[in-house]
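Scroll down for the structure; my scribbles are underneath it.
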Amino acid sequence: MEEKSKKATKRREINGVVVGNKMEKTVKVRVDTLEAHPVYKKVINKKKVFFAHTEEDLEVGDEVTIRESKPYSKKVRWLVVNNKKE
């Protein structure tokens, strides 16, 4: 039989800011985006919050990069891959 090789999947990566760290191994990350209104062309700030799994000890205000991953729980479906701590 033929062995199937694993395909590398391209998963989304997003930059955001940690806004909550009260949970164990999970942080709340806010992602801000700018979008132009399709008709009026006014620039609109959009914010979305994601729950991300992490083994690191992160503080509120840290900039992080999160990537889509397997579901860790009901709400946690992202993984912190890079911490831009200064």
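Following our numbering, the numbering of the sequence shown begins with -7 at its first residue and continues without gaps.
Beta carbons: idealized from backbone N, C-alpha and C, even for Gly.
It should be emphasised that the depicted structure is a prediction, and the values quoted were computed from it without experimental measurement.
On the three-state DSSP scale, how would you describe residue i?
{"i": "GLY53", "result": "coil"}
{"i": "ARG4", "result": "coil"}
{"i": "GLU47", "result": "coil"}
{"i": "ARG22", "result": "strand"}
{"i": "LYS66", "result": "coil"}
{"i": "VAL72", "result": "strand"}
{"i": "VAL11", "result": "strand"}
{"i": "GLU16", "result": "coil"}
{"i": "LYS33", "result": "coil"}
{"i": "LYS39", "result": "strand"}
With 16 as the cutoff for other CB atoms within 10 Å, does residue i come out buried or exposed?
{"i": "GLY53", "result": "exposed"}
{"i": "HIS29", "result": "exposed"}
{"i": "ALA0", "result": "exposed"}
{"i": "VAL68", "result": "buried"}
So, residue i versus residue j, is the Cβ gap smaller than 8 Å?
{"i": "ARG4", "j": "GLU60", "result": "yes"}
{"i": "VAL73", "j": "THR57", "result": "yes"}
{"i": "VAL19", "j": "ALA44", "result": "yes"}
{"i": "GLU55", "j": "LYS76", "result": "yes"}
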